[in-house]
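A.B. asks:
In the working numbering, the protein residues as written are -9 to 179.
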């Protein structure tokens, strides 16, 4: 079966891969957003691993509980915060001296780098223009490989992570950042 959102019907979508029936959405737009951004992730390798070998190994998960089975409910309950501008909140945090770090994946088509830079330009932070004038600095894995670019000024940092998308972060960057303690090092200078 496929989701029939065009007619405004509440979809029930039973995926053959997962055996999961998705929660019904009364809001057609919300249903489309779920279908586009969350539903494709429900039949991935992690889903099969968690609902297969891991479930069998643990031997404590009730039959009616499925890995990712709460996705539609969480999505619906978070709808009020979905794609909501937070420029004013970030301004308040920066003005209060609280560290703010933005991570953005180069391959993210949903929350792209150009869009991230656009809201940063809207900040009213007293050092906004100085931050904007900074050049992107590379974070190197080795002499031959760059993992990310970043800008940092005072309590605001922006990381543009290469080879990363909306739902995936390359293993090398998390390993590298942990190994080098980059975030902590920058904020303790």
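Glycine included, each C-beta is placed from N, C-alpha and C at the ideal position.
The model shown is predicted, which means the values in this text are computed figures rather than measured ones.
Counting beta carbon pairs with one atom in the stretch 119 to 133 and one in the stretch 143 to 158, are three or more of them shorter than 8 Å?
C.D. replies: yes
A.B. asks: Where does residue 151 sit, in a helix, a strand or coil, going by DSSP?
C.D. replies: Stepping through the chain shown from its first residue, residue 151 is reached at position 161. In the structure shown, residue 151 sits in a strand (DSSP, three-state: E or B).
A.B. asks: Taking a contact to mean a Cβ-Cβ separation below 8 Å, would you say residue 145 touches residue 84 in this structure?
C.D. replies: Counting from one through the chain shown, the residue named residue 145 turns up at place 155. Counting from one through the chain shown, the residue named residue 84 turns up at place 94. The answer is yes: Cβ separation under 8 Å.
A.B. asks: Rounded to the nearest angstrom, what separates residue 11 and residue 99 at their Cα positions?
C.D. replies: Counted from its first residue, the chain shown places residue 11 at position 21. Counted from its first residue, the chain shown places residue 99 at position 109. Residue confidence for residue 11 is low, a pLDDT of 45 falling below 50, so the modelled location carries little weight; the figure read from the coordinates is stated next. If I take the Cα positions, the gap works out to 27 Å.
A.B. asks: Does DSSP classify residue 74 as helix, strand or coil?
C.D. replies: Taking the first residue of the chain shown as 1, we reach residue 74 at position 84. Of the three classes helix, strand and coil, the one that applies to residue 74 here is coil, per DSSP.
A.B. asks: How about residue 81 and residue 39: do their beta carbons lie closer than 8 Å?
C.D. replies: Against the chain shown, residue 81 aligns to sequence position 91. Against the chain shown, residue 39 aligns to sequence position 49. Contact: no.
A.B. asks: Would you kindly report the start and end of the unbroken alpha helix (DSSP H) that includes residue 21?
C.D. replies: For the purposes of this step, residue 21 is identified with residue 31 of the chain shown, where counting begins at 1. That run of the alpha helix (DSSP H) goes 18 to 27.
A.B. asks: Please list the terminal residues of the continuous alpha helix (DSSP H) segment that includes residue 104.
C.D. replies: Translated into the one-based positions of the chain shown, residue 104 becomes position 114. It spans 103 to 111 - the alpha helix (DSSP H) in which residue 104 sits, taken as one unbroken run.
A.B. asks: Which same chain residues, not among the five before or five after residue 55, have their C-beta less than 6 Å away from its C-beta?
C.D. replies: One-based indexing of the chain shown puts residue 55 at position 65. Closer than 6 Å at Cβ, skipping near neighbours: no residue.
A.B. asks: With the cut-off set at 8 Å, would you say residue 61 and residue 20 are in Cβ contact?
C.D. replies: Reading the chain shown from its first residue, position 71 is the one you call residue 61. Reading the chain shown from its first residue, position 30 is the one you call residue 20. Going by C-beta atoms, residue 61 is not nearer than 8 Å to residue 20.
A.B. asks: For residue 137, does the count of other Cβ atoms within 10 angstroms reach 16, so buried, or fall short, so exposed?
C.D. replies: Start at 1 with the first residue of the chain shown, and residue 137 comes out as number 147. Residue 137 comes out buried.
A.B. asks: What is the DSSP secondary structure of residue 69, reduced to helix, strand or coil?
C.D. replies: The count along the chain shown starts at 1 and reaches residue 69 at position 79. DSSP places residue 69 in helix when its eight states are reduced to three.
A.B. asks: Check residue 64 in the structure and name its three-state DSSP category.
C.D. replies: Counted from its first residue, the chain shown places residue 64 at position 74. Residue 64 falls in the helix class under three-state DSSP.
A.B. asks: Secondary structure at residue 55, three-state DSSP: helix, strand or coil?
C.D. replies: Reading the chain shown from its first residue, position 65 is the one you call residue 55. Three-state result, residue 55: coil.
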